[in-house]
Every structure is written in C-alpha cells, then in structure tokens.
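Q:
Chains as they are written, first to last, in my numbering: chain Z, 2 to 283; chain Y, 57 to 306.
(1) With a threshold of 7 Å (Cβ to nearest heavy atom), would residue 299 of chain Y be considered close to the ligand ATP?
(2) When burial is assigned at 16 or more other CB atoms within 10 Å of the CB, is residue 69 of chain Z buried or exposed?
(3) Give a yes or no on whether the minimum CB-CB distance between residue 275 of chain Z and chain Y is below 8 Å.
(4) Buried or exposed: which applies to residue 58 of chain Y, given that a residue is buried once 16 or more other Cβ atoms fall within 10 Å of its Cβ?
(5) From what residue to what residue does the beta strand (DSSP E) around residue 132 of chain Y run?
(6) What are the boundary residues of the alpha helix (DSSP H) that includes residue 198 of chain Z?
(7) Using a Cβ-Cβ cutoff of 7 Å, what residues of the segment 11-29 of chain Z are near chain Y? List them in chain order.
(8) Does the distance from the CB of residue 164 of chain Y to the CB of residue 61 of chain Y come in under 8 Å?
(9) Flag this pair as yes or no: are the beta carbons of residue 233 of chain Y and residue 214 of chain Y separated by less than 8 Å?
(10) Using three-state DSSP, classify residue 140 of chain Z as helix, strand or coil.
(11) Looking at the structure shown, is residue 49 of chain Z part of a helix, part of a strand, or coil, going by DSSP?
(12) Report the option in Z/140, Z/270 and Z/118 whose CA atom is closest to the CA atom of residue 187 of chain Z.
(13) Looking only at its chain, what residues have a beta carbon closer than 6 Å to the beta carbon of residue 126 of chain Y, apart from the 5 residues adjacent to it on each side?
(14) Using beta carbons (cut-off 8 Å, strictly below), is residue 9 of chain Z in contact with chain Y?
(15) With 16 other CB atoms within 10 Å as the buried threshold, where does residue 111 of chain Z fall?
(16) Kindly give me the distance between the Cβ atoms of residue 301 of chain Z and residue 141 of chain Z, rounded to whole angstroms, as I take these residues to be in contact under 8 Å.
(17) Using a Cβ-Cβ cut-off of 8 Å, state whether residue 301 of chain Y counts as contacting chain Z.
(18) So which residues on chain Y does residue 119 of chain Z lean against when the C-beta distance must stay under 7 Å?
(19) Would you tell me roughly how many angstroms separate the C-alpha atoms of residue 131 of chain Y and residue 277 of chain Y, rounded to the nearest one?
(20) With a cut-off of 8 Å on the beta carbons, I'd call residue 170 of chain Y and residue 146 of chain Y a contact; round off their distance for me.
(21) Return the CA-CA distance between residue 248 of chain Y and residue 209 of chain Y, expressed in angstroms with no decimal places.
(22) Buried or exposed: residue 288 of chain Y, going by 16 or more other Cβ atoms within 10 Å of its Cβ?
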C-alpha cells in the first residue's frame with residue numbers, strides 16, 4: 002500500500018491560471034505507456050497490410066509529388082534527388098499535421114471517457130504525440146533506406162555534423178504539433194465552428210511550408226511570409242541535416258524555437274482552463 | 057480520534073442552459089482577463105434564490121445550492137434524494153469531472169470513483185487489457201495492477217473471459233468488473249454512483265459485504281448513492297439527503 006495518506010487536495014471554482022500540475026502527469030506514466038501501446042497496436046487491427054500502411058502512404062504521396070511537381074511543373078529541389086526531397090518533406094509535415102489534427106479534437110473524441118474518470122487530461126495529447134513519434138521513426142528508417150539506395154543519384158550522403166540537429170528538430174516538431182493542437186482543442190471545445198476551419202487550414206498550410214518546394218525557390222520579397230510559419234525552419238533544417246544542401250540558418254531555427262515555446266505555453270494555458278469545465282458545455 | 061476525510065464548504069453549481077460561455081467572444085475575453093488579474097468574474101451568474109433553481113431570465117439552472125458537509129475517515133455515507141436532486145452532480149464534483157461554480161472542498165487521500173456503468177472501458181480491448189488501462193487511469197502503477205489482477209477477476213467472476221473483448225460481455229459482467237477494479241485498487245476514498253442497482257441480488261449482497269470490510273478493516277471512506285435499498289441503507293453510518301439541490305436535515 003502506498004503511504005500517502007496525508008496527501009491533501011482542494012477542489013474549488015478558481016484555481017491558479019499557470020499551475021499546470023505537470024509533475025502530476027509523471028504519476029500517470031503507466032497510463033501514457035498503455036495509451037501509446039494501444040494506439041500503435043490497435044490502429045492496424047483488422048487490416049490486411051497492417052503496419053505496411055506506415056510506409057505505403059508516404060511512398061504513394063512521394064510518387065504523386067514527383068510526377069506532378071517534379072516532372073510536370075519542374076519546381077526546383079535544391080539539387081536533392083527529387084523523391085528523397087519530397088519524402089523528407091512529407092514525413093515531417095505528416096507528423097505535424099496528424100499531431101495537430103488529432104490533438105485538436107481530444108475533448109470531443111474522449112467526452113464519454115472524460116465524463117467517467119478523472120486523470121490529467123493533458124495525458125491524452127501527450128500520448129498522441131508520442132505514438133506518432135513512433136510512426137515518424139519508422140518513416141525515418143524508410144528515408145534512410147532511400148538515401149542508401151539512391152546515393153549515386155547526386156545525393157552523395159556523407160556523415161555530416163548536421164545530422165546531430167535531428168533530435169532537436171524532432172523535439173521542436175513534436176512540441177509544435179502538440180502546442181498548437183492543445184490550443185485548438187481548448188478552442189474547439191468551446192467554439193465548434195473552428196473544427197471546420199481547422200480541417201482545411203491544415204491542408205492549406207502545407208502550401209505555406211516548403212514541402213513541395215525549397216525555401217530557396219521562394220522570391221526573396223515573399224520569404225518572410227513563408228518563414229513566419231514555424232514549420233518552415235523545421236522542414237528546411239530537417240533536409241539540411243540529411244543532405245547538407247538547402248537554406249539553413251540558426252536565426253530561422255531559433256525563431257522557430259521561440260515561436261514553438263510561445264505556442265506551447267499558450268496551449269497549456271488554454272487547455273488547463275478548458276479542461277476544468279468543458280464537460281458542462283460540450 | 058476521527059479524522060475528517062472530506063469537508064465541503066458552501067458549494068454551488070450552476071448550469072447554463074443555452075449559452076456558450078458568456079455568449080460573446082469579447083465578454084469571454086473580459087472574463088479571462090479578470091481571471092488572470094485575480095479579480096472576480098464580472099459575468100458571474102446571480103446568486104441562487106431559494107424558491108426556484110431555474111432562473112429563466114438568465115437561463116441558469118442551479119443543480120446544487122450552498123452545500124456544506126463533513127465526512128469522517130472510514131465512514132460510509134449514503135447519498136439520497138429524488139431524480140434531479142443533485143446527487144450525480146455532487147459526485148462529479150468530488151471526482152473532479154467538473155468544478156463547482158462557487159465553494160470549496162478540501163480533503164485528504166486518493167479518490168477512486170465509479171460513476172456509471174463501464175467506467176471508461178474500451179469495447180475492443182479484452183478484459184485483461186481493460187483492467188490495465190482502467191487501473192492506469194485511476195493512477196495505478198503496473199506492479200500494483202499486476203498484484204491485484206487475480207483478486208479483481210475472482211471477485212468479478214469473469215476469470216474465464218479475461219481474454220475476450222469486453223464488447224462481448226453482458227451488462228452484468230461489465231458492472232461486476234468495474235466494481236471489482238474500483239474496490240480492489242488502492243484508494244482512501246471510494247465514490248460509487250447507482251452502480252449497485254444494476255447487478256443481480258447475489259452480487260449486490262457480495263458488494264455490500266466487500267464495502268463493509270473496506271470501511272471497517274481498511275479504513276476506507278465510502279460515499280454511495282443509496283436510493284431506497286434497505287440493504288445499502290443498513291451499511292451507511294450516515295445519510296446526506298438532497299432535495300432540489302439543497303441539503304435536507306441529515
């Protein structure tokens with residue numbers, strides 16, 4: 002038996018706006034593990050190809066992109082072998098888009114559960130971000146395989162220091178999807194209209210991110226617009242870390258990191274406030 | 057030598073029947089700013105009046121009005137009242153599913169609550185997987201769940217169906233498993249809504265026996281909706297009676 006009989010608590014209408022109780026989340030480590038495990042194993046139950054879907058989706062998208070943007074409209078690709086250029090953009094973008102998409106509806110999707118059991122609600126978005134990281138790492142292996150197979154196609158891959166940036170970018174990418182996602186979750190719990198807006202905003206936002214084109218192909222006077230999107234620096238740095246070409250600057254990366262932290266904080270504030278009473282309004 | 061486990065001071069709960077928040081985004085924003093500055097909410101609904109709970113002009117429904125009570129450790133408390141008296145709202149507030157509009161509750165120890173049938177089971181997962189998931193949601197570690205799993209299954213009488221998805225369970229099995237999980241895992245306070253009404257008579261007696269031993273031997277505080285069952289009433293040390301969201305004499 003646990004010896005925490007003296008652990009006291011208070012329930013009241015007002016509570017600290019910034020006390021997110023992040024420490025409390027650590028007590029629920031096993032719940033996070035269970036949710037991530039369920040997410041990974043249950044997703045492909047009753048499918049014939051199973052986990053192969055993790056690879057089919059980015060491969061097909063890469064094929065279509067190579068055909069349309071590479072062959073038909075001939076947008077430059079920073080001298081990177083085209084399929085690898087698109088694949089690298091797709092897997093980072095997919096992580097972000099999927100993370101944002103799924104975390105933004107946590108209140109709506111888990112309403113029945115949240116009505117019955119109390120646990121820190123933030124655990125659900127965190128476990129979504131983690132289980133998507135698993136998917137991301139599988140697709141990362143696919144990219145590495147691609148680089149290995151096609152290394153003679155002008156993308157001479159060497160071990161550069163830049164690969165050390167990868168963990169940092171992954172962390173930023175996860176925080177960004179999570180931060181914007183929980184911010185949206187809080188807002189959509191209250192104003193349902195946003196759900197519709199969000200779905201196509203994510204689609205449109207892809208065109209404001211250098212997924213199908215490199216930043217260097219954007220006219221100089223429009224670059225600020227593309228750089229205002231915090232995902233831009235992440236996709237560009239991601240490519241730079243693998244291929245060593247493309248535009249990379251510490252300033253852009255730092256700007257993106259600062260935006261990410263601001264968004265995550267705003268998201269925590271809003272989520273913390275929304276989780277209190279959303280069950281009465283949803 | 058009795059220790060107070062839960063103390064509620066003047067809790068009230070208002071439900072808005074037609075608006076989202078204050079109704080407009082600018083007012084929501086003002087309210088939010090006031091909250092950050094630590095000022096009072098400028099759009100707080102009017103105080104509940106004693107005659108009726110539903111304020112038609114403001115479209116506010118007061119489910120609970122100025123409830124205060126104390127519950128001692130190891131006490132079994134029965135919650136009684138008609139439908140709509142506020143029993144479930146009170147239990148939801150105690151379980152942190154929602155927050156009170158005003159008032160304060162203080163207490164000590166870990167709370168486990170069993171609000172409605174199922175308590176968040178995932179229909180596709182098996183009995184075993186659900187015990188783990190449910191236990192984890194109640195704040196348990198893997199080792200704690202593993203230690204109790206045999207006892208949980210034995211008590212719920214579902215050992216044979218442990219690897220069957222719970223969507224194939226009967227509603228009785230569902231309820232038995234939910235009750236078994238909540239009563240076997242570690243807690244200081246156990247909150248039980250009208251769950252006991254669902255199971256058959258034999259299981260109900262078994263639950264009552266279990267609850268009795270939890271309070272007497274393990275010192276757990278138990279709060280349950282007792283309704284009109286004499287069996288459950290005999291278990292309770294005291295009653296909290298709610299009428300139209302207000303406390304009647306105990």
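Even glycine gets a Cβ: it sits at the ideal position worked out from N, Cα and C.
A: Looking at the atomic coordinates:
(1) Judged by which ligands are present, the structure shown has none, so any question about the ligand ATP falls away.
(2) exposed
(3) no
(4) Label assigned to residue 58 of chain Y: exposed.
(5) Per DSSP, residue 132 of chain Y belongs to the beta strand (DSSP E) from 132-136.
(6) 194-206
(7) So the list reads 11, 12, 13, 14, 18, 28 and 29, given in the order they occur along the chain.
(8) It is a contact, given that the beta carbons lie within the stated cut-off.
(9) Going by C-beta atoms, residue 233 of chain Y is nearer than 8 Å to residue 214 of chain Y.
(10) helix
(11) Note: residue 49 of chain Z maps to coil in three-state DSSP.
(12) Z/270
(13) 60 and 63
(14) yes
(15) exposed
(16) Since the first residue shown for chain Z is 2 and the last is 283, residue 301 of chain Z is missing from the structure and cannot be characterised.
(17) no
(18) 151, 152 and 153
(19) 5 Å
(20) 15 Å between Cβ atoms; not a contact.
(21) Distance between the alpha carbons of residue 248 of chain Y and residue 209 of chain Y is about 19 Å.
(22) buried
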